[in-house]
Each structure stands twice: as structure tokens, then as C-alpha cells.
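Here is the structure we will look at.
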Amino acid sequence: MQLARRGAARQIGGRMAMQKSRARVRHLTALLIKDEFKKPEDCLKDVSAVEKVELSARLSYSADFYLQAKKARSPPWMEFLETIVAKKLPTLKNQNVCGVFFVRLKKRIVAFTQGHGRNLLRADCFERDFGLKVVLNSVDPTQLRSVDARKVEDLTTQTRKQLSRNSPMDAFALNLNQDILRVIAGKPKSEEFAKLIVGSDSLSLSAKVEVEQLGEKSQELFAAYQSQEYKKHFPWFDHLRSVRDQAVMGELNRRLIEKIQAGSADALHLATPEVIDWSESSGLSFSTEADPTPRHDLLMEDYLKTKDETVSVADLKRDHVQVHFGAANAPVSKWSVYDSIVFEAEEKGEVFVLSGGDWFRVAKRFADEVRDRVGTIKKSTLILPAAKSTDREDDYNFNVAKSRGFILMDKKNSYVAEGKTSIEVCDLLTKDRQFVHVKRKTRSSTLSHLFSQGVVSADAFWMDQEFRNHARNHVLKIHPTLKSLIPQERPNPAEFEVVFAVITKSNPKWPHSLPFFSQLNLSYAHDRLERMGYRVSLLRIDEV
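According to this note's numbering, the sequence shown is numbered sequentially starting from 380.
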């Protein structure tokens, strides 16, 4: 192993001393070390597990190189196949060699990882989104190749969109109100900068560069990171971003615990991360209850009553919300209490949201714009009766339709020709041509389904004759005299109103009492519907 290390060191030194006749295209991966880490050795997980390699004195910039060569091992496939070979396999071994090359700038350090060198670094030592910002500031906005995004409402959904040729951002058909950019690849404006750049936390680049030029290249990367050029073509980037910095998350979790201990419920509540089928479940409880009592409301104060000591983040992640399926069966642990918390906090001019176990950063200006737009949405003139907390949505819709003379469209799916699927026109259709969509407020994602349903069905109703024919047939079966409510020809959207009806407890801050992501998706749905020409309104159904 010592011979391998000395050989690798001689190779590095020899390469640096060699005068290059022509620069080759190198594939490099770079990370920007945080400002508080002043020395390369402070960035390493275990200094004793690596070897510092002496560098040539002729290097024109300050740098440090750390190398790790693990014990050579036979590849696992040899053991798998050796029992069926006719002759003994030769002794073949793989050696895992990796390293980190630190370039010291005046104020910061750039780390170039070799092999699996990133695994040698502490997870909290480098800037998150460094690569993303460098790419957004350096890429030709018409020459994007691939994008990885995460849909903010889903717990695990990751999407990768890769185009057959370089294109602008709108070709990827992202919803920039909901999708958080995680990785982006494209061609830079200048080929001298790189041939191709890929950004996430790290920056991967293919560029003509030799090791003697890494000092200058590091300066270029740091300047690109600090640039504000991205705001010209990608102004939405700062609106909504996931928080993955351990130090920031630690501070936010500390704020969360403070709120819980103070009993501040104004910005915090519990909601199941998934929709509950109340036809199969008798209620919810906490795994910390000695004698679990099923309930339909999840309250933080009920959880705290089951704790003898001060609650911690570890408690919130260990303790679970349970679902009861009948009196004869033991409750099933479904989600951690932490994953069930919806919490919003303001810190240094920004809004942070905890939803589904993940933290998100929202630019304050953007958050204010969303809240302002939601505040301008028309309040519905429709008056609907209060709903009991134990009412199922389908039972509530049935009873309202029967008592008010509305047309029950809940679960009456109509076929959409273009999408080759079936969806509801709405839950309730009034004689005044109001499409009423009803949903109980639980977690943001359940309300997002409500707003999405309103947009998709309104678009299909306007554009798809087959969809209208199916809906018209539903009305004919229930109220034959009201079939004219749904025309066969393309309708005038201005004659119809889309009503989003949310079942929730009374709150003087309504509609700003909705979780931020719900407000974000509501404003997006409202804008799309108005562009189609529909009237749009919002209705709160009191939960008692």
C-alpha cells in the first residue's frame, strides 16, 4: 500500500513538472468549502485515515493534496463465479484510491475530489447548491441539456428530464411554482470556461485545463458562484429551495422545539402526510400512548401529554402517528410525528416551511407576493353547512346535494380523450353553473389535489367535447331537466364559476391560515383558471 501511495505521489509531482504541449479536456468535480473552514484538514472526516502528499515547489498557487488508498480486495463477482470455473481463477484485486485536492484562494477553499474523494469530507464543510449557482450564472440559457427536479408536494418524487438537443428552460415543461431544481446541465456561454457543466451541490465540468491552471480555474468558479447573472434568466431560482445545510436545519429544528415547548400553535399544526380513508379507519393515535385512543384530529397538545420529559427532535422522529383499522386490530404506525408537522418560521427575512419531514426556504418577497395574490381571490357567495370532523367527504357531498338540490358529481368520472383517463367534473354542480370542489384541509398535498382537480377538469370541460358528453349524461340520469347546464358545444367559460371549498376549523387569518404551499398552489390554480376565462372563488366550510 505504501508503494502505491508513493507511486501516486510521484505521478502527481511528475505531472505538475511536465510542460504541457497542449491542454486536454479534463473531467473535474469541484466543491466550495464554507467560509468558516479555514484549513483543509478541518474539512476531513478523519485526518488519520488519509495521507498528505507533498507538492512541487514550482506550483504557482497554494494547494494541499490528501490521498487515501484502501486495502486491495478481490472483486465480489469472483467469489460468486469461482465455484463453477474449471481452473482456479488468478489472484486479481481492486484497489480503491481516492483523494481531495484543495486549492486555497484569498478568502475561500475549492476542493477538487478524485475518485470517491467526496466521502473523505465532512458533510457540513461545503456549500450547498454551489454547482447549481455556477451553472445558472455561466450556462447559455438556450443550451440546457438536462434537469433534475423535485416536486415540492411529494415526499419522494424526483424527476429527470433530458432533451435530445440543447434547449431553453421552457422546453422542460417544469412548473416553477412547485418544482425545486436539484441538478442542471448545459453548455456554457464560453467554451474557454468549459465544454459542459453539470451543477448540484458539486460542480462537474469538462474543460481544457491542466493541474498548473487549477488556481486560475478555481478563481473563475468562485467568481461564477458569486455572480448575480442568473437573476436575468432564472429569477425564480431564489423563490423556493430545499434546505439541506445541516447547520441551517439544526437551527430551524431548534426554533421548532422552542415553539412546541412554548405551546405556540399559530404557526404549527399536525397533519397526516397521506390522505386517510375514514371508511376503513376508526381514527389516529400516538405510539407514545399507554392506552391508544383513536381520534380524528391530530393535536400537538395531545402528543405532549404522552411525554414525561422535554421533547426533542429525536423524539419527534422516533415517535409515530398510528392508524386504527377497527377495534379488533392493533394500530399500525404510519408516520413519524416529525413527518406530520407543518410549521412555518421567519428567519432573517426569509420564510422556512417544514412539510412532510423536509425543510424548504421561501424568499420573503416571493412569499409576500403569494399571500397578496391569495388575499385578492374572491370570497364565494355560496353558503354551505358546517361539516362534522367525523364526516367523510363523500357523505358530506351527498347530504349537501340532497338538501340543497345540487347535482352530485362526486365519483361521477367523465372520460378525457386527450389524457385517456377519467376524472370528476366537480363534487357538486349548482343550478347557477358553479363547479364546487370540496376537500378537507389536512396536509398541503391534499389541498394541492383539490386545486389541481379544479384546473384539469375546467380545461377538459372547455376543450373536450367527449368529456362534456359524459358529464351531460351524468346530469341526465340525476336531473334530466337540468341537462342544459352542460352544453354540447364549446362553452363560454365566463358563464361558469369554479369554487374551491375547504373544510377546516374557523380561523380569523383565513385564507392565510392555509399552509404556505397550499396558498402557492391555490394562487397558481386561480391564475390558470382566470386565463381560461372562468370565474374563481374560495369558500371555507366550517368544521365543527
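Glycine included, every Cβ here is placed at the ideal spot set by N, Cα and C.
Cut-off 7 Å between Cβ atoms - residues of its own chain near residue i, not counting five sequence neighbours on either side
i	result
Arg907	Val834
Lys413	Cys504, Phe505 and Glu506
Arg487	Leu411, Ile412, Asp414 and Phe601
Val804	Met788, Ser793, Phe814, Ser836, Phe840 and Ala850
Trp456	none
Phe616	Leu515, Leu560 and Tyr609
Arg910	none
Residue i: first and last residue of the uninterrupted beta strand (DSSP E) it sits in
i	result
Gln375	Past the boundaries of the shown model lies residue 375; the chain is included only from 380 to 923, so the question cannot be answered.
Ala448	Ser441 to Ala448
Ser916	Arg914 to Asp921
Ser664	Gly662 to Phe665
Trp657	No beta strand (DSSP E) holds Trp657; DSSP gives it neither H nor E.
Trp456	Segment Pro455 to Leu460 is the alpha helix (DSSP H) holding Trp456; no beta strand (DSSP E) there.
Ala742	Asp737 to Ala742
His816	Gln813 to Arg819
Buried versus exposed, by CB contacts within 10 Å (16 or more), residue i
i	result
Val464	exposed
Asp789	buried
Asp747	exposed
Pro524	Reading off the sequence, residue 524 comes out as Arg, not Pro. Label assigned to Arg524: buried.
Tyr903	buried
Ala602	exposed
Met380	Below a pLDDT of 50, predicted positions are generally treated as unreliable, and Met380, at 42, falls in that range; no measurement from the model is reported.
Thr535	Unreliable placement is indicated for Thr535, whose pLDDT of 44 sits below 50; the coordinate value is still reported in the next sentence. Under this definition Thr535 is an exposed residue.
Gln832	buried
Val732	buried
Val404	exposed
Gln447	buried
Arg561	buried
Val923	exposed
Ala564	buried
Gly754	exposed
Lys888	exposed
Leu918	buried
Leu499	buried
Glu599	buried
Ile920	buried
Glu876	buried
Pro890	buried
Gly496	buried
Same chain, Cβ closer than 6 Å to residue i, neighbours up to 5 away in sequence not counted
i	result
Ser441	Arg483
Lys512	Tyr604
Thr521	Pro547
Gly386	Unreliable positioning characterises Gly386 in this predicted model, as indicated by a pLDDT of 48, which lies under 50. A coordinate reading is not provided.
Phe416	Cys422 and Cys504
8 Å Cβ cutoff met for residue i and residue j
i	j	result
Val370	Ser583	Past the edges of the chain, shown from 380 to 923, lies residue 370, and the structure says nothing about it.
Gly478	Gln493	yes
Ser712	His699	yes
Gln701	Ser664	yes
Lys424	Arg501	yes
Val881	Leu826	yes
Val334	Ile639	Here the chain comprises residues numbered 380 to 923, so residue 334 is not present and cannot be evaluated.
Ala586	Ile559	no
Met679	Leu647	yes
Val817	Leu807	yes
Ile636	Val692	yes
Glu729	Val741	yes
Gly594	Ser439	yes
Leu683	Ser719	no
Phe739	Val627	no
Phe896	Phe830	no
Leu864	Arg812	yes
Pro894	Val779	no
Val489	Ala573	no
Lys566	Leu575	yes
Asp519	Lys568	yes
Cutoff 8 Å; reference residue i; Cβ partners in own chain excluding five residues on either side
i	result
Phe777	Leu787 and Asp789
Val588	Ala402, Arg405, Leu407 and Lys596
Thr470	Ser453
Ser782	Pro764
Lys467	Glu461
Asp773	Asp789 and Lys790
For residue i, the first and last residue of its enclosing alpha helix (DSSP H)
i	result
Glu571	Run containing Glu571: none; DSSP gives neither H nor E here.
Phe777	Glu772 to Arg783
Ile762	No alpha helix (DSSP H) holds Ile762; DSSP gives it neither H nor E.
Ala602	Leu593 to Gln605
Gly510	Phe509 to Ser517
Three Cβ pairs or more, each shorter than 8 Å: is that satisfied between the stretch 744-761 and the stretch 664-676? no
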